[in-house]
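In mature numbering (1 follows the signal peptide of the UniProt record, and there is no 0), the protein residues as written are -20 to -1, 1 to 215.
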Amino acid sequence: MHFPTLTWTLLPSLLPFATGSPLDSSRRATVDISTISLPTSSLPTPADSLTLKYVLLGVGTQNYTCASSTSTTIPVANGALADLFDFSPFLAGPTPLVTSNMQTVPPLALSLSHTYPQMFDNLRLKKIGRHFFAAGGVPTFDLTGVSPRGTKISGKKIAGTPAPAGACSGTEGEGAVDWLYLTDAGLGGATTSANLKGGAVYRVETAGGKAPATCEGQGADVVVPYTTEYWIYGS
């Protein structure tokens, strides 16, 4: 990863948010990101009835298991764990981050969180939830920092596409995980806010997270750092 270049390119845009307290809910309520376009890919586009509600930065790990440490054994996906930070305020307001720079945010976040965690903490992004896989392998977005508090989105994968050529290959050059399109699986029930029911989640601008080609030299659990953007659409 080209950490110094990314840092000096993006940090000036982020510094206005790196002072004081984390972005609060009152400021978040004034942010209008509805006209921002999803990064281009072969994934299905959002339905006309949906609008962009959140752009979240996910910072965590993609997890895999290995039945043995041999070159003939392939790692098996075992979900993911990530903290979710509200990145929406950076995209609107008097000094918005240029949308074309969005693709460099996850690589920067991966570099900072993995190598310079204190510098990442100094950005003071507001953590608003957690991404994990619930029972049955259901990708879940637990948005504790949105209203109503404790909103959960249970996703269902509809489509995926390889990360673009040139995507950040991760901390060890393992490669970037696929971009994904998920729809609301309807499993959140009353815990899913009304405007997110029937919505969609896109995982785009991925950095790192890809499994090693084989389990050779690996333990039973393989944990690969990744970062990404989750674009959440609702009615």
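Where a beta carbon is used, it is the ideal one built from N, C-alpha and C, also for glycine.
- In this structure the region 102 to 111 does not touch the region 44 to 56; the number of beta carbon pairs closer than 8 Å is below three.
- DSSP places A147 in the coil class of the three-state scheme, outside both helix and strand.
- Taking every protein chain shown into account, the CB of S14 has fewer than 16 other CB atoms within 10 angstroms, so this residue is exposed.
- Its chain contains T41, H94, T151 and G188 as the residues whose beta carbon lies nearer than 6 Å to that of P205, once the 5 sequence neighbours on both sides are disregarded; these appear in chain order.
- Short of 7 Å from the beta carbon of S29, and not among the five residues preceding or following it, lie these beta carbons of its own chain, in chain order: S215.
- A buried status is given to A156, since no fewer than 16 other beta-carbon atoms sit within 10 Å of its beta-carbon.
- DSSP places D101 within a helical segment (H, G or I) once states are collapsed to three.
- For a cut-off of 8 Å, the C-beta gap from D158 to A143 is around 6 Å, short enough to register as a contact.
- Straight-line spacing of the CA atoms in E209 and Y161 works out to 12 Å.
- When C195, T120, G197 and V181 are compared, the shortest CA-CA separation from L32 is found for V181.
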